[in-house]
Every structure is written in C-alpha cells, then in structure tokens.
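Undergrad: Before I ask anything, here is the structure I am working with.
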C-alpha cells in the first residue's frame with residue numbers, strides 16, 4: 014500500500030507529567046487471509062487488466078479499497094451489477110452458494126479470495142447440516158461473513174448476535190445442537206455466549222476447533238497486555254471492521270483510560286493527548302502497516318518518539334493465492350503463489 018501524504022507538525026508536543034512513550038502492539042495489522050485477498054485483486058489486475066470487479070469490499074478497510082479502486086478495481090454490492098463474462102473476485106469474508114450460482118448464471122470468471130479460515134467454518138456448517146444438527150452461529154447479523162456461512166445451510170442455522178440473545182433463544186431439539194462463530198469476534202464475548210448457551214442447553218456440542226481466527230485472538234491478547242498501562246489506546250481500523258471495533262472495546266474493558274478507533278492518523282485530535290504519558294497503538298487485521306507508521310510519525314511530532322514493542326506472539330502463517338492466480342500469463346509459477354506478498 015502506498016505511503017500517505019503527511020501533514021507534519023499537526024499535533025503539538027505539549028508537556029505532561031513524566032516521560033512520553035508509545036506501546037506498540039505486536040502482532041497487529043494484516044493477517045494472512047487479508048494479505049492473500051488484497052494480493053489476489055492486485056494479481057487479477059496484473060493478469061487480466063482493468064477493470065476487475067470485486068463483490069463487496071475485499072477487506073474492511075477504507076484505504077485498501079480506495080487504493081485498489083485507483084488501480085482499476087470496481088467494487089459492487091452484488092454480482093448482478095457485474096457485466097456478463099467479466100472477472101469478479103469474491104471478498105475475504107466469503108459468499109453463500111447462492112452468490113456462486115448467480116455468478117455462474119452470468120458466466121462470470123470468479124476468483125474466490127475467501128479467507129481459508131472462513132472456508133473452514135463454511136465446511137463445518139455443511140457437515141453439521143448433513144448430520145441434521147441445528148447450528149447456532151454466533152456472529153453479527155448482516156455481516157458479510159455471517160451471511161455467507163448462514164447461506165451454506167439456511168434451514169439449519171440460527172444466528173446468535175450476543176450473550177443477551179441466549180435467554181430468548183428457541184431451538185427444535187436441545188440434544189442436537191452445535192455452535193459455530195464468526196471468525197472476527199471478541200474472544201471473551203464469544204466464550205460468554207457459549208457459557209450461557211451451555212447453561213440452557215447442556216448437550217450443546219463444540220466445533221472441532223475454535224472458529225475465531227488466530228489473528229483476531231492474537232491482536233486481542235496484545236491489546237489486553239497494553240491496556241492497563243495506557244492512558245490512551247489508538248486503534249487503526251475502519252468502522253465496518255469487526256475485529257478493529259472489538260480491539261477498541263477490549264482496550265477499555267482491560268483498563269485503558271481512553272480508547273479511540275481511527276481510519277487515518279489525521280483523525281487523531283490534540284485534546285486526546287492532554288495529560289497522556291503512555292499511548293497504546295494497534296491495528297485491525299485488515300489494516301496495512303503504512304497507516305500505523307503515519308500514526309507513529311504524528312505521535313512523534315507530539316513528543317511520543319519512544320516506541321516500545323509489546324510482543325505477545327509471532328505470526329508466520331501464510332496462505333497460497335487462489336488457484337487462478339498462482340501462475341503468470343506464461344504459465345510459470347508466480348513468486349507470490351505461496352503466501353501472497355513477497356516479504
């Protein structure tokens with residue numbers, strides 16, 4: 014992602030009681046699924062030329078979407094907006110079988126950039142539905158990922174939005190229940206929902222593995238460690254990014270005196286820094302590092318040049334690109350075929 018134009022000196026270095034510092038969360042920013050999806054659009058543009066259509070936002074980040082639009086990507090809400098026979102990329106959040114069928118009906122060349130961890134949840138939903146299980150899908154109704162997963166087995170899935178929904182939940186057979194979850198939720202809130210579900214339905218079955226993705230968990234663990242030490246936490250991420258919104262909430266729950274979410278460093282207000290010695294900084298899993306660096310530059314202008322990394326995990330997971338994009342136009346294996354971006 015390109016570096017942004019910076020308004021140097023916008024934030025002032027005003028005195029506070031004590032030394033200023035930044036606690037920088039690690040890991041933060043792009044996860045393997047996001048990296049794969051963004052590179053998939055870039056590669057599709059290289060391979061097929063503009064325009065390449067993308068159903069929904071490829072990932073939930075304003076800067077990423079705007080950058081890809083400038084490169085020739087066209088974002089649409091549904092595949093019926095895509096000209097017949099054109100190239101279309103399905104976003105990292107996944108799609109339902111109905112969307113796949115609609116794309117086939119329009120003879121679209123579809124490239125599936127769904128995060129493999131989301132695909133895993135889809136497969137679990139299909140398998141449990143075949144076993145005639147009722148699936149309680151913990152997630153936010155209306156979110157693209159939840160719509161895609163629910164579309165795999167709509168007759169078998171009930172969406173549970175929050176722990177408070179559990180008390181009024183009605184099921185067909187309490188002995189044939191299993192839960193799944195959206196991958197980008199708050200770990201704590203999801204486990205609280207499961208706890209309440211199990212209180213009402215003791216025979217509730219667990220999925221074979223935790224559905225909340227490694228990146229969501231890792232970023233929440235890091236901010237939990239930083240929050241008690243921070244006078245202020247700034248989360249870089251967009252408002253429609255579930256995991257970014259959760260990071261702000263987790264920071265407040267775990268002791269940060271204040272927390273804000275911003276798309277860009279330019280949104281940080283001078284008054285947020287009044288009396289602040291320690292600023293915690295992190296970013297959601299769909300946020301390119303350039304946006305964090307812009308924030309650190311602005312904070313340095315305000316006297317927060319002592320940046321200390323708080324490392325709680327090392328991430329080395331990579332995903333191969335969609336099969337259509339693993340070779341170049343000459344049929345040779347592309348250097349980015351495994352793991353997306355050249356690092």
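Numbering (the working numbering), first residue to last: 14 to 356.
Note that CB positions come from ideal geometry on N, CA and C, so glycine has one too.
Starting from residue 123, trace the beta strand (DSSP E) both ways and give me its first and last residue.
TA: Taking the chain shown and counting its residues from 1, the one referred to as residue 123 is at position 110. That run of the beta strand (DSSP E) goes 122 to 125.
Undergrad: Please classify residue 311: is it buried, with 16 or more other beta-carbons within 10 angstroms of its beta-carbon, or exposed?
TA: As a first step, residue 311 is located in the chain shown; it is residue number 298 there, counting from the start. The residue is buried, with at least 16 neighbouring Cβ atoms inside 10 Å.
Undergrad: With H, G and I counted as helix, E and B as strand and the rest as coil, what does DSSP make of residue 256?
TA: Residue 256 sits at position 243 when you count from the first residue of the chain shown. Helix, per DSSP.
Undergrad: Would you tell me roughly how many angstroms separate the C-alpha atoms of residue 145 and residue 271, rounded to the nearest one?
TA: On the chain shown, position 132 is the one that residue 145 refers to. On the chain shown, position 258 is the one that residue 271 refers to. Their backbone Cα atoms lie some 47 angstroms apart in a straight line.
Undergrad: Thinking C-alpha only, which one of 333, 207 and 49 is nearest residue 216?
TA: The sequence position of residue 216 within the chain shown is 203, counting from 1. When only C-alpha atoms are compared, the closest one is 207.
Undergrad: Relative to the alpha-carbon of residue 210, which residue among 194, 225, 75 and 222 has its alpha-carbon at the smallest distance?
TA: Translated into positions along the chain shown, residue 210 becomes position 197. Comparing Cα-Cα distances from residue 210 to each of 194, 225, 75 and 222, the minimum goes to 194.
Undergrad: With a 10 Å radius around its C-beta and 16 neighbouring C-beta atoms as the bar for buried, classify residue 185 as buried or exposed.
TA: Looking up residue 185 in the chain shown gives position 172. Counting the other Cβ atoms within 10 Å of the Cβ of residue 185 gives fewer than 16, which makes it exposed.
Undergrad: If the criterion is Cβ atoms closer than 9 angstroms, does the pair residue 235 and residue 45 meet it?
TA: In the chain shown, the residue the question calls residue 235 occupies position 222. In the chain shown, the residue the question calls residue 45 occupies position 32. Going by C-beta atoms, residue 235 is not nearer than 9 angstroms to residue 45.
Undergrad: Count the other CB atoms, across all protein chains shown, that sit within 10 Å of the CB of residue 408; report buried if there are 16 or more and exposed otherwise.
TA: Because the chain is modelled from 14 through 356, residue 408 falls outside the range shown and cannot be assessed.
Undergrad: Are the Cβ atoms of residue 224 and residue 196 separated by less than 9 angstroms?
TA: Here residue 224 refers to the residue found at position 211 of the chain shown. Here residue 196 refers to the residue found at position 183 of the chain shown. Contact flag set, yes.
Undergrad: Can you tell me the Cα-Cα spacing of residue 3 and residue 114, whole angstroms?
TA: In this structure the chain extends from 14 to 356, so residue 3 is not present and cannot be described.
Undergrad: What residue does the beta strand (DSSP E) around residue 197 start on, and which one ends it?
TA: Walking along the chain shown from the start, residue 197 turns up at place 184. It is not in any beta strand (DSSP E) - residue 197 carries neither H nor E in the DSSP assignment.
Undergrad: Would you mind giving the Cβ-Cβ distance between residue 325 and residue 231, rounded to the nearest angstrom? I have them listed as a contact below 8 angstroms.
TA: If you number the chain shown from 1, residue 325 lands on position 312. If you number the chain shown from 1, residue 231 lands on position 218. That belief holds up - the Cβ atoms of residue 325 and residue 231 are roughly 7 angstroms apart, short of 8 angstroms.
Undergrad: List in chain order: all unbroken beta strand (DSSP E) runs of 3+ residues lying wholly within the segment 281 to 349.
TA: 291 to 296 and 320 to 324
Undergrad: How long is the line joining the alpha carbons of residue 69 and residue 245, rounded to whole angstroms?
TA: Here residue 69 refers to the residue found at position 56 of the chain shown. Here residue 245 refers to the residue found at position 232 of the chain shown. Their backbone Cα atoms lie some 33 angstroms apart in a straight line.
Undergrad: Can you tell me which of the three DSSP states residue 179 falls into?
TA: The residue given as residue 179 occupies position 166 in the chain shown. Helix.
Undergrad: Alpha carbon to alpha carbon, what distance is there between residue 21 and residue 263?
TA: Working through the chain shown from its first residue, we reach residue 263 at position 250. Working through the chain shown from its first residue, we reach residue 21 at position 8. Cα-Cα distance, rounded: 31 angstroms.
Undergrad: Measure the alpha-carbon distance for residue 142 versus residue 323 and round it to whole angstroms.
TA: The residue you call residue 142 lines up with position 129 of the chain shown. The residue you call residue 323 lines up with position 310 of the chain shown. Cα to Cα, residue 142 sits roughly 42 angstroms from residue 323.
Undergrad: Ordered along the chain, which non-local residues of its own chain (more than five positions away) have a Cβ less than 7 angstroms from that of residue 95?
TA: Mapped onto the chain shown, residue 95 falls at position 82. Cβ within range, chain order: 66, 89, 101, 119 and 121.
Undergrad: Rounded C-beta distance between residue 233 and residue 260? I'm assuming under 8 angstroms.
TA: Within the chain shown, numbered from 1, the residue matching residue 233 stands at position 220. Within the chain shown, numbered from 1, the residue matching residue 260 stands at position 247. With a Cβ gap of about 7 angstroms, residue 233 and residue 260 count as contacting.
Undergrad: Count the other CB atoms within 10 Å of the CB of residue 125; is the residue buried (16 or more) or exposed (fewer)?
TA: By one-based count along the chain shown, residue 125 stands at place 112. Its Cβ being crowded by 16 or more others within 10 Å, residue 125 is buried.
Undergrad: Tell me the DSSP secondary structure of residue 66 in three-state form.
TA: Position 53 of the chain shown, counting from 1, holds the residue named residue 66. Three-state DSSP puts residue 66 in a strand.
Undergrad: Assign residue 27 to buried or exposed, taking buried as 16 or more other Cβ atoms, counted over all protein chains shown, within 10 Å of its Cβ.
TA: By 1-based counting over the chain shown, the position of residue 27 is 14. With fewer than 16 Cβ atoms within 10 Å of its Cβ, residue 27 is classed as exposed.
Undergrad: So what does residue 171 bridge to, in DSSP terms?
TA: Within the chain shown, residue 171 is the residue found at index 158, counting from 1. DSSP, once it has assigned bridges, lists 149 as partnering residue 171.
Undergrad: Just to confirm my understanding: we take residue 150, look at its own chain, exclude 5 residues before and 5 after, and list those with CB closer than 8 angstroms. What are they?
TA: Counting from 1 along the chain shown, the entry for residue 150 is found at position 137. Contacts found: 138, 159, 162, 163, 170, 171, 172, 173, 192, 193, 194 and 195.
Undergrad: So residue 10 packs on residue 43, CB below 8 angstroms; how close in whole Å?
TA: Nothing about residue 10 can be read from this structure; the chain reaches only from 14 to 356.
Undergrad: If you run the structure through DSSP and keep just helix, strand and coil, what is residue 58?
TA: One-based indexing of the chain shown puts residue 58 at position 45. Helix at residue 58.
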